[in-house]
Amino acid sequence: MDIDKLRIGLDENGDLLVNNYYDREGAILILSDGHSGNIISIYQKKDKLQKEITYPFTEGERYGIKNGQEVVAPPKYQYIGAFINGFALMEQNNKWGTINEKGEVLIPPRYDALYSYSDEHAFLAKKDSLWGVIDEKEREKLPFAYEKVQWLCDGGVITPIFLVKKGNKWGILNKEGGEILPPIYDEITQLGWAYFSLKKDGKEGRYFQQEGRRDGFIPAVFTRFEQKGESYYNRVGGLRKYWLAYQGEEACFVDAEGYQYKAIATPKTFFGNLILEDTHHKNAIWLKGILYEPDLSTRQKIKD
Numbered sequence: 001m002d003i004d005k006l007r008i009g010l011d012e013n014g015d016l017l018v019n020n021y022y023d024r025e026g027a028i029l030i031l032s033d034g035h036s037g038n039i040i041s042i043y044q045k046k047d048k049l050q051k052e053i054t055y056p057f058t059e060g061e062r063y064g065i066k067n068g069q070e071v072v073a074p075p076k077y078q079y080i081g082a083f084i085n086g087f088a089l090m091e092q093n094n095k096w097g098t099i100n101e102k103g104e105v106l107i108p109p110r111y112d113a114l115y116s117y118s119d120e121h122a123f124l125a126k127k128d129s130l131w132g133v134i135d136e137k138e139r140e141k142l143p144f145a146y147e148k149v150q151w152l153c154d155g156g157v158i159t160p161i162f163l164v165k166k167g168n169k170w171g172i173l174n175k176e177g178g179e180i181l182p183p184i185y186d187e188i189t190q191l192g193w194a195y196f197s198l199k200k201d202g203k204e205g206r207y208f209q210q211e212g213r214r215d216g217f218i219p220a221v222f223t224r225f226e227q228k229g230e231s232y233y234n235r236v237g238g239l240r241k242y243w244l245a246y247q248g249e250e251a252c253f254v255d256a257e258g259y260q261y262k263a264i265a266t267p268k269t270f271f272g273n274l275i276l277e278d279t280h281h282k283n284a285i286w287l288k289g290i291l292y293e294p295d296l297s298t299r300q301k302i303k304d
């Protein structure tokens, strides 16, 4: 159960105080740790700002820059964002660039779109209808060759990656622009933490990152994956080693190294299976009265 409360008022100095209280409790019927806390923000009026604080201001429909009450850059821009790491995004003549706290243009406004996506002074940029990545010196980290670029970092993956779309197909690149998966997939969808579905020509595969190990890859040659066994983690034994998939209607198991195994199907009652799975069958999946397990003696490389 989540609780969010927002209280707004004035502090003892007459400044605007915003107190955001949050409480993240464990879910009902599932014992888990929760946490709570306060996020307090204080806002001062512009005429009370210290001289060394630089911020964008507006005059009419135009943006400029002030340091305290001193104008650093006249209001001639369509937009100037907040300053982070010494620069701000700005728009002029419907093009985007960056500007520093002295009012000096760093990246000239010549891009159709520009987004700061990391603390490494790198930017997602759009030019001539295509996306790429540039640094603060406008050096290309990714060429302007993609219809879409998505940056995935903290919270969703182990190491940062780009999802890219080229020629109406999707692929995955590392943060240096190196190719992890070529842009040959019709869809790439994130299913969970560091875990992705790959779809190609009506077939499915999987890609996922592993802490301290080589990334896992299952080629997109399967009709579907069983949702009950879809979790990246088994409920016992930690990291899941095998997934239940189908080729047509025939069930099989696959692993992170790209190997395939025949499935052993044994009728089991739910409660009998529950005990069995928890003690001896960590890789088993119980489904509609059938216990499925990989036959490890049938290991063979998946043909892509």
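Mapping of the sequence shown onto the numbering used here: position 118 corresponds to residue 118, and the numbering continues sequentially without gaps.
Here a beta-carbon is modelled for each residue, glycine too, at the ideal position from N, C-alpha and C.
The structure displayed is predicted, hence computed values, not measured ones.
Smallest Cα separation from residue i: which of the options?
i	options	result
GLY81	GLN260, GLN69, THR58	THR58
ALA256	GLY205, VAL149, THR159, ALA113	GLY205
ILE53	TYR111, ASN67, LYS166, ARG62	ASN67
TYR63	ILE84, GLY103, ASN85, GLY86	GLY103
LEU130	PRO56, ARG139, ALA145, GLY14	ALA145
ARG299	ALA263, ASN100, LYS166	ALA263
GLY202	TYR246, GLN190, GLU211	TYR246
ASN100	ILE65, LYS76, GLN69	ILE65
GLU323	GLY289, PRO143, LYS76, LYS288	Since the first residue of the chain shown is 1 and the last is 304, residue 323 is not available in this structure.
LYS288	LYS301, LYS268, PRO294	LYS268
Enumerate in chain order the residues of its own chain whose CB-to-CB distance from residue i is below 7 Å, with the five nearest sequence positions on each side excluded.
i	result
GLY248	THR223
LYS141	ALA122, VAL133, ILE134, ASP135, GLY177
TYR232	Caution applies to TYR232, whose pLDDT of 46 falls short of 50 and renders its modelled position unreliable; the model cannot decide the point.
LYS199	TYR185, ASP186, GLU187, ALA220
LEU163	GLN150, LEU152, TRP170, ILE172, ILE188
LYS301	GLY258, TYR259
ARG139	none
VAL105	GLY97, ILE99
Inspect the beta-carbon positions of residue i and residue j and report whether they are closer than 9 Å.
i	j	result
SER118	TRP151	yes
GLU147	ASN168	yes
LYS165	VAL149	yes
GLU211	ILE161	no
ASP154	ASP128	no
With a 10 Å radius around its C-beta and 16 neighbouring C-beta atoms as the bar for buried, classify residue i as buried or exposed.
i	result
PRO74	exposed
GLN260	buried
GLY216	buried
PRO183	buried
GLY171	buried
VAL72	buried
ASN13	exposed
ASN283	buried
LEU181	buried
CYS294	The sequence shown places Pro at residue 294, not Cys. PRO294 is buried by the Cβ-count criterion.
PRO56	buried
Give the DSSP bridge partners of residue i, in chain order.
i	result
PRO56	ILE65
PRO294	ALA263
TYR195	GLY192, PHE208
TYR111	TRP96
VAL164	VAL149, GLY171
VAL71	LYS66
ILE84	PHE87
PRO144	Note on identity: in this sequence residue 144 is Phe, with Pro being the wrong assignment. DSSP, once it has assigned bridges, lists no residue as partnering PHE144.
SER116	PHE123
Could you name the residues of the same chain whose beta carbon sits closer than 8 Å to that of residue i, not counting the 5 residues immediately before and after it, in chain order?
i	result
LEU296	TYR261
LYS303	PRO219, VAL221
LEU114	LEU89, TRP96, GLY97, THR98, ILE107, PHE123, LEU124, ALA125, LYS126
PHE84	According to the sequence provided, residue 84 is Ile. The question's Phe does not apply to it. Result list for ILE84: SER116, in chain order.
GLY86	ASN100, GLU101
ALA251	GLU226, LEU244, ALA245, ALA263, ALA265, TYR292
For chain D, check one thing: does any of its Cβ atoms lie closer than 9 Å to the Cβ of residue i?
i	result
ILE184	In the displayed structure, chain D is absent; only one protein chain is listed.
Could you pull out every residue in the same chain whose Cβ sits closer than 6 Å to the Cβ of residue i, ignoring the five residues on either side in sequence?
i	result
GLU91	GLN78, TYR79
THR266	LEU291
ARG110	LYS95
VAL254	ILE218, TRP243, ALA245, GLN260
SER197	THR189, LEU191
LEU10	none
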